[in-house]
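*Asks:*
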Amino acid sequence: MIRYQNREINKFKTISALEAHNLVKSYNRGADRVLDGIDIVVPEGCLFSVLGSSGCGKTTLLRLLAGLDTPDSGTILVDGKVVTGPGTFVPPEERNIGYVFQEFALFPHLDVRSNIDFGLRQMESARRADRVAEVMDLLDLTDLATRMPHSLSGGEQQRVAVARSIAPFPRVLLMDEPFSSLDASLRQETRHQIRRVLKNQDITTILVTHDQEEALSVADTIAILSRNGIEQVGTPESVYYRPASEFVARFLGRTNLIESVSHGNTATTKIGVLSIDRQVTGNVVLSIRPEHLSLRKPGSSASEVVGRVVTREFKGHDITFEVMVDSTPFLVHTDNQVQFSPGDEVVVYAVQPAVVLNS
Amino acid sequence: MQKRLFSYRGWLVGIPVAFVALAVMVPILYLFVRAFDADGSQFIELLVRRRSVVLLLNTVSLAAVVLVLTTIIGFVFAWLAERTTFLSPRILTILGVLPLAVPGYVMAYVMLGSLGDYGLLARLTGIQISTISGFGGSALVLTLYTFPYMFLNLRSGLAGLDPALEESSRTLGYSSRDSLRYVVLPQLRPAFLAGAMLVVLHVLGDFGVVSLMRFETLSYAVFLQYSAAFDRTYAACLALILLLLSGLLLYLEFRLLRGFSATQSWTSPRRRVPPKPAAGMTVLGSIIVGAVALTAVCLPIVTIAYWSFNGTLGALSIGRAFRGSISAALPAAALAGFLALSIAYVRVRYTSRATIAAERIAYIGYATPALAFALAIIFFSLKAVPGLYQSMTLMILALSVHFLAEAIGPIRTALLKSSIRLEEAARSLGRSGFQAFREVTFPTIRSSVLAGTVLVFLSVMKELPITLLLSPTGFRSLAVNVWMFTNEAQFGMAAPFALLIIFASGCFAAFALRHHDPIPKSGDQ
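From first to last, the protein sequence lines are chains A and B. Each residue of the first sequence is one higher than the last, beginning at 82 in our numbering. Each residue of the second sequence is one higher than the last, beginning at 18 in our numbering.
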């Protein structure tokens, strides 16, 4: 597990490297609307992740940003200059936006060095060779310089694809599910290597993925995209701990969604009165992560709501319990010191305030 | 892997492979025997005779000019059909394939019958364009007749490109024109080489066009030497030069293709590049498409219609010739389809020196000039199995072995795309090797096997020299009649046979198109 220090959002300069406003894109003459009024603002130097399930238009969004497709309407700005907008369309080769394709799309007729060199033809030749060497070094490709793409492993192809895209100093780098075709063990390692390189080179990056763990562990900022548009934008911690909607709460890992009646700073629920993260009155749905709940033995108090442990899943460093309270299941994530067995009577209590979801 | 070759399934493919190897190699070896019939010094003298050099130059320059022209026309057609909204891809495909239904000597008939000395134009207006024959006429007709091979190869090459490659190049700062040059064209190399191979082989082996156009290439000279002068040794010697030329070509293709990863270039992409307006290609495209439509479609219709109404036709001889053509083409195509499947299968699944050699031999059979091939088979059958001489069986065997390579191409491509993992999955689900092939692999390559077989059928329907030399006494085919009457400038007599050939081949070209459409359906996201 990677622990997150509070990443300094403030260090990003105020100007945004890339902005998109009200992007609309549909296929089949308007029949299938894939993107319906998308807005994003990506600060300079940020590693911005767009997280969404498949079919929500992530790839379409990237293609529009890169200029590989045109939107039905909407505006895209790079460094405050319109590159796509009413009456304006800058072709992809003039945008200086790098793109790492899901299947890497390495040129099969060129070796690794020539693939990386491909985008550098505007550079003077001395600098060009230096840059190729530098990028190959950054991504541990020096030994593979003369290999052909088809002889490379998936992870190597991936690194070549990234090297090729960052070599010409792109203003923004777009990555489409870059790690999805790698196997799990390779994925984590490659992810960290590439994150390090992107930060080292200070490249503003938009990465789209359907893998929430990937987005949480890599990104500075996450935008959660659903079929209805962008649901929430924020740091990994904020979208995880303070989901704005039920969609986000469910999409980012397991959570307990609780019907409640709130009155100010507290809300009445099946497991008792919980404190909540903001002032609100009336019927609201709360989200509380399993690790923000814990268990104890029932005491003598009559007001206590007693539940029963249904399952216990030991996972080494922690334990997940499923507890039935008044025929409603609750997930509780505790450390491995908490000793209860299925059938035991327990009381569920919150260790953190619950989050009020927008209805 | 190797061991499985010798299972019973191994025999099922082993026998056809051995058969093809023998059927091709024996006549070729015979050519050497014949050529060396003369003593050594005489052979050298024949080889470097001034006439041989002139013939060689004629042949090579004709092939070069036709290759350049077919590459331009084929690429423009392929690009317009695959990447632009210039015309519907369907119309372009039909236009680009239709000339296959007009065999070279029929096209030559059309040219001579319309613009030639005794043609339609001369008869109606008195204007004579005598340059329509000779080198120019041969190049023109051969280009019209062979560019579809280039078009089809380049188009499927374009369709097989992953759009992400071009998009990568765009995001790396290359304009669409530069992406074409640095990314698309290098990827099209295997497709171009395959097309170029077919085009040049057709030119080298062509007899019908050059004989009617009276342009002496090696092939035509072999025929003249054999039928008119009856100097069999010099005929064999010329055929040998032609053979070496074809051999050089095969070797070159092999060298050029080496190091190119087939697996990378033939994976079928999920997306297709969306067609755009033709832009810079509009003018050139209009000229080329217009010219092709005019000469390959309108001119034949007008000419044949004119001569049909100005000739005397005998219904009886038409029926006889039609039956003759079909009775040769159907069995030859079926046999070739089966042989091609065997050879392509061992070539792709059990790649080894032996299987590569088997495929090469099939190509050699195709590259061997049809006339020389037919001659050699005549002499060999006279010596070895006299009973087969001038029989339908011998002619059908010769035709199917000769045209085998046309069927191997599409089948091999399809087999390369059809992963061996599928077959292995079927094995793991309890199928025997043969069952796995029948239930999994064959269905995925069926349309390509069909396409290959149809190509052979078309070729046999149009075939002239082998039929001319090997047919049983009294056998008449549509092709032989067209050639004989055109040769004597009896355009009216030739017209109905030409019409029937075009009609029959046209039907099958349309059939082939409907059942083998490599254009991926759009609807990507």
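Even glycine gets a Cβ: it sits at the ideal position worked out from N, Cα and C. Source: prediction; values computed, not measured.
Threshold first: 4 residues or longer. Then list the alpha helix (DSSP H) segments lying entirely within the segment 444 to 518 of chain B, N to C.
*Replies:* 450 to 453, 459 to 479, 482 to 487 and 495 to 504, all fully within the segment 444 to 518 of chain B.
*Asks:* List the DSSP bridge partners of A/I357.
*Replies:* Paired residues: A/A435.
*Asks:* Taking the beta strand (DSSP E) that A/P410 belongs to, which residues open and close that run?
*Replies:* Unbroken beta strand (DSSP E) run through A/P410: T409 to D416.
*Asks:* In or out: A/H190 buried (at least 16 other Cβ within 10 Å) or exposed?
*Replies:* Burial call: buried.
*Asks:* What residues from the segment 143 to 172 of chain A come within 9 Å of chain B, judged by C-beta to C-beta, listed N to C?
*Replies:* Per Cβ criterion, the list reads R144, A147, G148, L149, D150 and P172.
*Asks:* Consult DSSP for A/P477 and reduce its assignment to one of helix, strand or coil.
*Replies:* A query on residue 477 of chain A cannot be resolved here, the shown segment of chain A reaching from 82 to 440 and no further.
*Asks:* List the residues of chain B whose Cβ lies closer than 7 Å to the Cβ of A/G133, in chain order.
*Replies:* None at all; the shortest Cβ gap to chain B is about 14 Å.
*Asks:* Excluding five sequence neighbours on each side, which residues of the same chain lie with their C-beta closer than 6 Å to the C-beta of B/T102?
*Replies:* Result list for B/T102: P292 and P294, in chain order.
*Asks:* Would the beta-carbon of A/G315 be found less than 7 Å away from any heavy atom of the ligand MN?
*Replies:* The ligand MN is not among the ligands present in this structure, which contains no ligands whatsoever.
*Asks:* CA-CA distance, B/L74 and B/Y380?
*Replies:* If I take the Cα positions, the gap works out to 23 Å.
*Asks:* Going along chain B, which residues have a C-beta under 7 Å from A/A98?
*Replies:* Within 7 Å Cβ-Cβ: nothing; A/A98 doesn't reach chain B, min ~16 Å.
*Asks:* Who does A/F402 pair with in a DSSP beta bridge?
*Replies:* Note: A/F402 sits in a beta bridge opposite A/R393 and A/V413.
*Asks:* In angstroms with no decimal places, state the Cα-to-Cα distance between A/K139 and A/E175.
*Replies:* Distance between the alpha carbons of A/K139 and A/E175: 23 Å.
*Asks:* Pop quiz: B/V37 and B/L356 are said to be a contact at Cβ under 8 Å. What is the actual Cβ separation, rounded to whole angstroms?
*Replies:* Sure, about 6 Å apart at Cβ, within 8 Å.
*Asks:* So, does the CB of B/S185 fall closer than 8 Å to a CB anywhere in chain A?
*Replies:* So, interface residue.
*Asks:* Determine whether the Cβ of A/Q203 lies closer than 8 Å to any Cβ atom of chain B.
*Replies:* Yes, its Cβ sits closer than 8 Å to a Cβ of chain B.
*Asks:* What does A/L288 pair with, by DSSP beta-bridge criteria?
*Replies:* Answer is A/S130 and A/M256, bridged to A/L288.
*Asks:* Looking only at its chain, what residues have a beta carbon closer than 6 Å to the beta carbon of B/R140, apart from the 5 residues adjacent to it on each side?
*Replies:* Correct list: empty, nothing qualifies.
*Asks:* Check distances from the C-beta atoms of the segment 164 to 189 of chain B to those of chain A and list, in chain order, the residues that come in under 8 Å.
*Replies:* Those residues of the segment 164 to 189 of chain B that come within reach of chain A (Cβ to Cβ, closer than 8 Å) are D179, A181, L182, E184, S185, S186, R187, T188 and L189.
*Asks:* Apply the 10 Å Cβ neighbour rule to A/S422 and answer buried if 16 or more other Cβ atoms are within range, or exposed otherwise.
*Replies:* Label assigned to A/S422: exposed.
*Asks:* Based on the DSSP output, what are the partners of A/P124 in its beta bridges?
*Replies:* Bridge partners of A/P124: A/S97.
*Asks:* B/P207 CB to nearest chain A CB: under 8 Å?
*Replies:* Output row for B/P207: interface = no.
*Asks:* Count the other C-beta atoms from every protein chain shown that fall within 10 angstroms of the C-beta of A/S261, then say buried if there are 16 or more, exposed otherwise.
*Replies:* It counts as exposed.
*Asks:* Spatial neighbours of A/G334 within its chain, please: C-beta separation below 8 Å, excluding the five flanking residues on both sides.
*Replies:* Counting only Cβ-Cβ distances below 8 Å, and skipping sequence neighbours, we find Q293, Y321 and R370.
*Asks:* Tell me, please, which residues DSSP counts as bridged to A/I305.
*Replies:* Partner(s): A/L132 and A/Q313.
*Asks:* In terms of residues, what are the limits of the alpha helix (DSSP H) holding A/E270?
*Replies:* Per DSSP, A/E270 belongs to the alpha helix (DSSP H) from A265 to N281.
*Asks:* Under a three-way DSSP split, which group does A/E372 fall into?
*Replies:* In this structure, A/E372 counts as helix in the three-state DSSP scheme.
*Asks:* Do A/N337 and A/L438 come within 8 Å of each other at the CB atom, strictly closer than that value?
*Replies:* Taking 8 Å as the Cβ cut-off, A/L438 and A/N337 do not qualify as a contacting pair.
*Asks:* Can a CB atom of chain A be found closer than 8 Å to the CB of B/P403?
*Replies:* Cβ-Cβ to chain A under 8 Å: no for B/P403.
*Asks:* For chain A, check one thing: does any of its Cβ atoms lie closer than 8 Å to the Cβ of B/Y191?
*Replies:* By this cut-off, B/Y191 is an interface position.
*Asks:* I want to see whether chain B comes within less than 8 Å of A/L220, judged by CB atoms only; does it?
*Replies:* Chain B contact via Cβ: absent.
*Asks:* So if DSSP puts A/H344 in a beta bridge, which residue, or which two residues, is it bridged to?
*Replies:* DSSP output for A/H344 lists A/T347 and A/T362 as bridge partner(s).
*Asks:* Starting from A/E426, follow its DSSP beta bridges and name the residues at the other end.
*Replies:* BP columns for A/E426 point to A/R389.
*Asks:* Nearest chain A C-beta to B/P203 closer than 8 Å, yes or no?
*Replies:* So, interface residue.
*Asks:* Quick one: what's got a C-beta closer than 6 Å to A/D150's C-beta in the same chain, skipping five residues either side?
*Replies:* The answer, listed in chain order, is R144.
*Asks:* So the alpha helix (DSSP H) B/A302 belongs to, where does it begin and stop?
*Replies:* The sequence shown places Gly at residue 302 of chain B, not Ala. Residues T299 to V309.
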